[in-house]
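J.: For the record, the sequence lines run as chains B and E. Okay, so the first sequence: first residue is 214 according to the working numbering, each after it adds one. Okay, so the second sequence: first residue is 1309 according to the working numbering, each after it adds one. Where a beta carbon is used, it is the ideal one built from N, C-alpha and C, also for glycine. Because the structure is a prediction, the values reported are computed rather than measured.
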Amino acid sequence: MPLNELTITQAIKELESGNLTSRALTEACLTQIQSLDGALHAFLEVYADEALTQADRSDARREEGNVLGPLDGIPMALKDNIMVQNKRCTAGSKMLATYNAAYDATVTKKLTDAGAVILGKTNLDEFAMGSSTEHSAFGPTKNPRNPECVPGGSSGGSTVAVAANMCLGALGSDTGGSIRQPAAFCGITGLKPTYGRVSRSGLIAMASSFDQIGPLAKSAEDAALILSVIQGRDNADQTTANVEPFVADWKDNVKGLKIGLPRQVWAVKGIEPEVREATEKSLKLLESMGAELVEIDLPYVDEALAVYYVLMPCEVSANLSRFDGIRFGARKQNLPLFETYAESRAENLGSEVKRRILIGTFSLSSGYIDAYYVHAKKVQTLIRQGYNEAFKSVDLIATPTAPTTAFKLGAKLNDPLSMYLEDIFTVSVNVAGLPAISIPCDTNGGMPVGLQFMAPWFEEAKLLSTAKTLQNHLSEP
Amino acid sequence: MKLSQDEVRHLAGLARLKLDEDQADKMTDEVGSIIEYVESIQKIDVTNIEPFSMSAKSQGFRPDQAFDCDDLTRELILENFPGRAGDLLAAPGVFTNPKS
């Protein structure tokens, strides 16, 4: 097997036994990037020389018996809204095309402290707003399974980097599905941790009460390993939770596990037949392994998307007010103050970003704030209560990750609402702050399909263990 | 509700976004249809329901204290600012022209 195709778990075993060096692993990834990234455009920047230096240092540490942490020597990629000090961090926007990050994100520091080799930064929809990576100011990323299709988004670059074996694992960010939906479209594993599990310090903010950084990986086991490194309370992020740390807890079976299937989700007409078939087949497999499938009621499935498209733009309009030509990016010169703001923003922000800023400005404006923003915050309380109620009778909830498989480039670009509907099964998790994972199901040679599991708050271990058990059975011939 | 083009222009002003004629047309349609879509939540009864606020598991407000940073961080912050005069940050004057 080519080295770049190893999982992290496999690579660590080889590194530990002395059969493999981080340099060889890193070189294999860099070679893969060189041969494929021209066509796929997963990366915005590759740190080839520095990555090799980091790899050599890792090999020297291992030689001396001073391994730093569980990811020592593992080549990884970061979504380009996660900061690495003194490196470009664009968030996929013209506004930040020349922005040089002033400090390391907490997750960057945790990865490098654990010895990870950072290969580079990956493409995304501008400020993580989009479900196809077509809204990047630097051009779209292509799906490795079929380059005429989108990879999903907004973490399309990180997802493709993992799916096309250009790195062993990557970080993305998920505000409404931006880790899980591209993972589904490209056939890999994507985990959105519980809100507050992972520090957002150094993540360029989109909607702060929903944003969460998480792993894109080749297996649930690898995702668990990455989560164990990046998690934890952080003095630089007041919303990180004071909870017991995540520790993987692998069960060897799913006997007696109760999996809830929300009637309201599975009744959605827009689910493509191949998505329904592949996800139902995986669930049947779990049932045959001893899990119990239970139909449940989960209210507000449709409305969760509407709640999200009120609350998220409100936070976007506030968070992006800092990109005004005064503090960041290119400033239009010699204009009065109002025009300096208005023209710098007009020139450097893309149309999807502008659309969301306007929706948020409307929902927060005098006369409308109660009927939109405040009302949505109350429905958010109801949505959380609905999940709380549901998790009293089941261990996990299962849904398709997205209603469709990867669509053609351009297919939804001029119809924002149909693009937003891609998020229908993922956003409610963010609205409720829950952890969720997307894992690939059997595709019969077609485009990949993702199955999503949701768990109660901070129960990532249960999510990952079930995902791993299912993955082991799916990979058996 | 449908938005008028004037309302969209007013929102764009509040958001400090210049929109040309074509964009204002397009945004009026698109933003209007999304606002109509999200109105579906207004039929949900929220009597006696509190708006959601952040989890008690988070850390509350941090103290409002300045802290020092190293020279590299400081230089990077200065370097990224679009206007600079030595170690000072340069911004346009604020007392000219606020547009009504």
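The beta strand (DSSP E) spanning residue 542/B covers which residue range?
T.: Within the first sequence, residue 542/B is the residue found at index 329, counting from 1. From DSSP, residue 542/B is part of no beta strand (DSSP E); its letter is neither H nor E.
J.: Below 9 Å between beta carbons is the criterion; list the residues of the stretch 1320-1345 of chain E that meet it against any residue of chain C, in chain order.
T.: The displayed structure is made up of protein chains B and E, and chain C is not among them.
J.: Out of 604/B, 389/B, 632/B, 404/B, point me to the one whose CA is closest to residue 653/B's CA.
T.: Position 440 of the first sequence, counted from the first residue, corresponds to residue 653/B. For residue 653/B, the nearest C-alpha among the options comes from 404/B.
J.: Taking just the CA atoms, how far does residue 1349/E sit from residue 222/B?
T.: Residue mapping note: residue 222/B aligns to position 9 of the first sequence, counting from 1. Residue mapping note: residue 1349/E aligns to position 41 of the second sequence, counting from 1. Between residue 222/B and residue 1349/E, the C-alpha separation is close to 45 Å.
J.: Looking only at its own chain, which residues have a Cβ that is under 7 Å from the Cβ of residue 318/B, when we skip the five neighbours before and after it?
T.: Here residue 318/B is taken as the residue at index 105 of the first sequence, counted from 1. For residue 318/B, where only same-chain residues beyond five positions count, the Cβ hits under 7 Å are 295, 296, 414, 415, 416.
J.: With 16 other CB atoms within 10 Å as the buried threshold, where does residue 1355/E fall?
T.: As a first step, residue 1355/E is located in the second sequence; it is residue number 47 there, counting from the start. It counts as exposed.
J.: What is the DSSP secondary structure of residue 390/B, counted as helix, strand or coil?
T.: As a working note, residue 390/B is residue 177 in the first sequence. Here residue 390/B sits in coil by DSSP.
J.: With H, G and I counted as helix, E and B as strand and the rest as coil, what does DSSP make of residue 465/B?
T.: In the first sequence, the residue the question calls residue 465/B occupies position 252. Coil.
J.: Per DSSP, residue 362/B is paired with what?
T.: Against the first sequence, residue 362/B aligns to sequence position 149. The partner list for residue 362/B (beta bridge, DSSP) reads 621/B.
J.: So which residues on chain B does residue 1375/E lean against when the C-beta distance must stay under 7 Å?
T.: As a working mapping, residue 1375/E is identified with position 67 in the second sequence. Those within 7 Å of residue 1375/E in chain B number zero; the least Cβ separation is about 10 Å.
J.: Sort out for me which residues DSSP pairs residue 425/B with in a bridge.
T.: In the first sequence, the residue the question calls residue 425/B occupies position 212. Per DSSP, 387/B.
J.: Taking residue 1360/E and residue 594/B to be in contact with their CB atoms under 8 Å, please state how far apart those CB atoms are, rounded to whole angstroms.
T.: Here the question's residue 1360/E lines up with position 52 in the second sequence. Here the question's residue 594/B lines up with position 381 in the first sequence. That belief holds up - the Cβ atoms of residue 1360/E and residue 594/B are roughly 4 Å apart, short of 8 Å.
J.: Mind checking who residue 356/B pairs with in its DSSP beta bridge?
T.: Translated into positions along the first sequence, residue 356/B becomes position 143. Answer is 359/B, bridged to residue 356/B.
J.: Whole angstroms are fine: how far does the CA of residue 1317/E sit from the CA of residue 1327/E?
T.: Locating residue 1327/E in the second sequence gives position 19, counting from the first residue. Locating residue 1317/E in the second sequence gives position 9, counting from the first residue. Near 7 Å, if we compare the C-alpha coordinates of residue 1317/E and residue 1327/E.
J.: Could you please tell me which residues of the stretch 486-501 of chain B, in chain order, have their CB closer than 7 Å to any CB of chain E?
T.: Cβ contacts with chain E: none found.
J.: Residue 289/B bridges to which residues according to DSSP?
T.: In the first sequence, counting from the first residue as 1, residue 289/B sits at position 76. Residue 289/B pairs with 331/B, 382/B.
J.: Between residue 516/B and chain E, is the shortest Cβ-Cβ distance under 9 Å, so that the two count as touching?
T.: Locating residue 516/B in the first sequence gives position 303, where the first residue counts as 1. True, the Cβ-Cβ gap to chain E drops below 9 Å.
J.: Flag this pair as yes or no: are the beta carbons of residue 659/B and residue 396/B separated by less than 9 Å?
T.: Counted from its first residue, the first sequence places residue 659/B at position 446. Counted from its first residue, the first sequence places residue 396/B at position 183. It is not a contact, given that the beta carbons lie outside the stated cut-off.
J.: My output table needs one value for residue 321/B: the three-state DSSP class, helix, strand or coil.
T.: Walking along the first sequence from the start, residue 321/B turns up at place 108. Reduced to three states, the DSSP call for residue 321/B is helix.
J.: Out of 1390/E, 1395/E, 1342/E, state which residue places its alpha-carbon closest to the alpha-carbon of residue 526/B.
T.: Taking the first residue of the first sequence as position 1, residue 526/B is located at position 313. Closest by alpha carbon: 1342/E.
J.: Buried or exposed, going by whether 16 or more other CB atoms sit within 10 Å of the CB of residue 370/B?
T.: Here residue 370/B refers to the residue found at position 157 of the first sequence. By the neighbour-count rule (16 or more Cβ atoms within 10 Å), residue 370/B is buried.
J.: By alpha-carbon positions, which one of 630/B, 590/B, 602/B, 624/B ends up nearest to residue 1362/E?
T.: The count along the second sequence starts at 1 and reaches residue 1362/E at position 54. Of the listed residues, the one whose Cα sits closest to residue 1362/E is 590/B.
J.: Using the Cβ count rule (16 or more neighbours within 10 Å means buried), how would you classify residue 569/B?
T.: By 1-based counting over the first sequence, the position of residue 569/B is 356. It counts as buried.
J.: Against chain E, does residue 256/B count as a neighbour if the rule is that its beta carbon must be under 9 Å from one of theirs?
T.: Here residue 256/B refers to the residue found at position 43 when the first sequence is read from its first residue. Not an interface residue.
J.: Which residues in chain B have a C-beta closer than 9 Å to the C-beta of residue 1384/E? List them in chain order.
T.: Numbered from 1 along the second sequence, position 76 holds the residue referred to as residue 1384/E. Correct list: 298, 299, 313, 314, 315, 316.
J.: From which residue to which residue does the beta strand (DSSP E) around residue 507/B run?
T.: As a working note, residue 507/B is residue 294 in the first sequence. Element bounds for residue 507/B: 505-509.
J.: Does DSSP put residue 444/B in a helix, a strand or coil?
T.: Position 231 of the first sequence, counting from 1, holds the residue named residue 444/B. Strand, per DSSP.
J.: Less than 9 Å between CB atoms is the rule here; does residue 409/B satisfy it with respect to chain E?
T.: On the first sequence, position 196 is the one that residue 409/B refers to. With 9 Å as the cut-off, residue 409/B counts as an interface residue toward chain E.
J.: Using the C-alpha atoms, what's the distance from residue 612/B back to residue 665/B?
T.: For this step, residue 665/B is matched to residue 452 along the first sequence. For this step, residue 612/B is matched to residue 399 along the first sequence. In a straight line, the C-alpha of residue 665/B is about 5 Å away from that of residue 612/B.
J.: Skipping 5 residues on each side, what residues in its chain have a beta carbon closer than 6 Å to that of residue 1408/E?
T.: Residue numbering aside, residue 1408/E sits at position 100 when the second sequence is read from its first letter. Here residue 1408/E scores only 47 on pLDDT, less than 50, and its place in the model should not be relied on; the value that follows carries that caveat. None.
J.: Between which two residues does the alpha helix (DSSP H) holding residue 665/B run?
T.: Counting from 1 along the first sequence, the entry for residue 665/B is found at position 452. Counting along the chain, residue 665/B falls outside any alpha helix (DSSP H), though it belongs to the beta strand (DSSP E) covering 663-667.
J.: Name the chain E residues that come within less than 7 Å of residue 530/B, Cβ to Cβ?
T.: Indexing the first sequence from 1 puts residue 530/B at position 317. The answer, in chain order, is 1323.
J.: By Cβ distance below 6 Å, which residues in the same chain neighbour residue 677/B in space, the five residues on each side in sequence not counted?
T.: Your numbering for residue 677/B matches position 464 in the first sequence. Cβ neighbours of residue 677/B beyond the five flanking positions: 433, 437.
J.: Alpha carbon to alpha carbon, how far is residue 391/B from residue 364/B? Give it in angstroms, no decimals.
T.: Within the first sequence, residue 364/B is the residue found at index 151, counting from 1. Within the first sequence, residue 391/B is the residue found at index 178, counting from 1. Near 11 Å, if we compare the C-alpha coordinates of residue 391/B and residue 364/B.
J.: With DSSP as the reference, please indicate the residues paired to residue 313/B in a beta bridge.
T.: In the first sequence, counting from the first residue as 1, residue 313/B sits at position 100. DSSP lists 301/B as partners of residue 313/B.
J.: Classify residue 650/B as helix, strand or coil using the three-state DSSP reduction.
T.: For the purposes of this step, residue 650/B is taken as the residue at position 437 of the first sequence. In this structure, residue 650/B counts as strand in the three-state DSSP scheme.
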